[in-house]
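Going left to right, the sequence shown walks through residues -5 to 172 as this note's numbering numbers them.
The C-beta atom is built at its ideal place from N, Cα and C for all residues, glycine as well.
Please read these numbers as outputs of a predicted model, since none were measured by experiment.
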Amino acid sequence: MKRLEELGVGRPSTYASIISVILDRGYVRKKGSALVPSFTAFAVVTLLERHFPDLVDYALTARMEDDLDRIASGSADMEPWLSHFYWGASGGPTEPGGDGSQRPGLKALVSDIDGIDARAVNSIPIGVDDEGVEIVARVGRYGPYLQRGDGENGERAGVPDDLAPDDLTVERALELLA
């Protein structure tokens, strides 16, 4: 929350709902007073950073909050702002971006997802074994799993729900794969 405040993102009144959402969606779990990210969180962040960097930009989020405040106070109109955000336009002072640059709209940003390699996005490198074979954690339909090697000869094993990503070492991965 301190970092969000430094970046100008969110407000103290919204932090509880932000935490509630990331807990409900399984992106983090509570361990004492700490929030521990899940493997799903790493996959989602990788997807967003690689393919939608404009949408996860802290400065954009802070500007958007200011714009929405102006809309809420009645000093800006909602419909033109939403139209510019969705369809794209040059950023004026009350438009998404607000810095005068030409920005693609949300529709253009998310309409071409054919080039996204889902396997690459949800692969979290763990390291290599003694034989130089790569071990990765992946997020699958039934939860996170480990894979050593590729193809039909690759070994797989599930990752326990209580294992945090930063606790998954090559040695621990090899134990799970065995």
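Within the segment 14 to 95, the complete beta strand (DSSP E) segments at least 3 residues long are 22 to 25, 28 to 31, 82 to 84, listed from N- to C-terminus.
Shown here, residue 107 sits in coil according to DSSP, grouped into three states, outside any helix or strand. In this model, residue 139 and residue 114 are separated by some 14 Å (Cα to Cα). The beta carbons of residue 142 and residue 123 sit closer together than 8 Å. By DSSP's assignment, residue 135 forms no beta bridge with any residue.
Here DSSP, grouped into helix, strand and coil, assigns residue 97 to strand. For residue 142, the secondary structure class from DSSP, reduced to helix, strand or coil, is strand.
By the Cβ test, the segment 97 to 105 is not in contact with the segment -4 to 10, since fewer than three Cβ pairs between them sit closer than 8 Å. Under the three-state reduction of DSSP output, residue 5 falls in the coil class, being neither helix nor strand.
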